[in-house]
Amino acid sequence: MPVTLRQLRYFQALVEHGSFSRAAESVFVSQPALSLQIRELEAALGGPLVERESRGVLLTRLGKEVHEQTLRVLDETLLLETMGKQYEQGTLRIALGIVSSLAPYLLPGLMERLNAASPRVEPDVLEATGQDLVSALLAGRLDAAIVSLPLGMMELPERDLFEDRFIIAGRAERLDALRAQGFVPNPEDMSRADIGPLLTLADGHCMADQVLGACSMWRQQEVRRGAESLATLSRLVAAGSGLTLLPETAALCEGAATPGLSFLRFASPEPSRRIGLAHRLAAHGQHWIDLLAGATAGAGEELTKKARQAIG
């Protein structure tokens with residue numbers, strides 16, 4: 003006997019309301035009709051799902067496992083129904099997150115590519131920290147998110163899309179003086195020259211931890227956390243308040259917007275972060291995940307290529 007969506011909806015109503023009478027009222031059927039569907043579901047699955055007590059119902063062990071799967075099935079069913087309505091309207095809305103240290107720089111090229119590839123796709127964009135984006139994905143508030151990898155979560159498949167290298171950024175006169183000293187920055191030992199404090203994004207931004215991981219020898223007392231954007235960091239260091247690390251994706255934009263900002267590359271191998279796409283298991287189907295991944299990779303590679311050509 004096959005399991006039906008009606009049975010799963012009735013079972014979810016029973017779990018939600020805790021009694022057959024209230025569950026039946028919530029789905030607008032008689033109590034005997036709902037009880038029949040629950041019995042047929044139990045027969046199809048080979049065991050009891052609930053224990054009937056005077057005060058209501060309790061889930062059996064099998065019932066708890068089936069309920070977890072029921073929530074997933076009903077969630078994906080709702081997604082399919084929503085997709086159908088959107089197709090009728092000629093659009094597909096995708097809840098897309100993007101990490102805040104990348105959003106201002108990647109989004110213009112990404113949106114251009116998405117519009118060219120499929121004008122019917124309309125992303126609803128959420129810019130946030132990586133941690134907040136992961137929480138939103140797990141809660142079902144996002145379909146996909148562009149983040150730093152790896153996340154290492156089985157619930158969220160991920161695609162590695164491009165490398166985003168870190169570059170030292172600071173006041174032009176300061177970097178010129180370091181070059182005159184013959185300073186070649188080595189991420190494994192940044193203590194051999196008087197390079198001053200390192201400014202990073204505030205706690206909660208994954209890039210702050212990535213920067214400190216890339217320059218582990220920068221003495222802890224010389225690290226200043228607190229900025230909420232790369233634009234703020236760029237203006238602080240251009241004014242002489244130390245140095246920072248910017249990703250290649252941000253370098254050209256911040257360089258053009260910040261008078262006096264200059265860049266210095268690390269010795270090879272250069273520290274970097276990996277940018278990729280994390281998504282829910284069945285968010286809008288494989289085609290849209292492929293489309294997002296291709297557009298993101300193309301926009302990111304264009305940014306990093308231009309940065310490498312301009313900065314060297």
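Residues are numbered in my numbering as their position in the sequence shown, beginning at 1, plus a constant of 2.
Each residue gets a CB set at the ideal place from its N, CA and C atoms; glycine is no exception.
A quick note: this is a predicted structure, and the numbers were derived from the prediction, not measured.
Short Cβ contact (8 angstroms threshold) for Leu-47 with Val-75: no
Where Met-209 falls, given that 16 or more other Cβ within 10 Å makes a residue buried: buried
Touch test, the segment 116 to 124 against the segment 92 to 102, Cβ-Cβ under 8 angstroms, three pairs minimum: yes
Integer-rounded CB distance, given that Gly-206 should sit under 8 angstroms from Thr-298: Their Cβ separation, rounded to whole angstroms, is 23 angstroms, which puts Thr-298 and Gly-206 out of contact at 8 angstroms.
DSSP three-state assignment for Asp-300, whether helix, strand or coil: Going by the sequence as given, residue 300 is Gly instead of Asp. Gly-300 falls in the helix class under three-state DSSP.
Beta-carbon gap between Ala-233 and Glu-256 smaller than 8 angstroms: yes
Whole-angstrom distance between Leu-51 and Lys-66, CA atom to CA atom: 8 angstroms
C-alpha gap between Ala-229 and Asn-117, whole angstroms: 33 angstroms
Coil, strand or helix - Ala-97 by DSSP: strand
Nearest-angstrom Cα separation, counted from Gln-133 out to Arg-275: 16 angstroms
Given Pro-273 as reference, the closest of Leu-177, Leu-254, Leu-158, Ile-170 once Cα atoms are compared: Ile-170
Distance, Leu-144 Cα to Ser-21 Cα: 33 angstroms
Under the three-state DSSP convention, the category Ala-269 falls into: coil
Gly-278 burial status per 10 Å Cβ neighbour count (16 or more: buried): buried
Pick from Gly-99, Ala-269, Thr-72, Glu-157 that is closest to Phe-168, judged by C-alpha positions: Ala-269
Start and end residues, beta strand (DSSP E) containing Leu-203: 200 to 203
Spatial distance of Val-213 from Gly-154 (CA atoms): 20 angstroms
6 angstroms CB neighbourhood of Val-225 in its chain, flanking five on each side removed: Leu-200
Assigned exposure category for Gln-39 - 16 Cβ within 10 Å defines buried: buried
In DSSP terms, what Val-225 is bridged to: Leu-200
Under 8 angstroms between C-beta atoms of Glu-304 and Gly-142: no
Rounded distance between the beta-carbons of Thr-246 and Thr-202, thought under 8 angstroms: 7 angstroms
Inter-residue spacing [alpha-carbon to alpha-carbon] between Arg-237 and Arg-310: 22 angstroms
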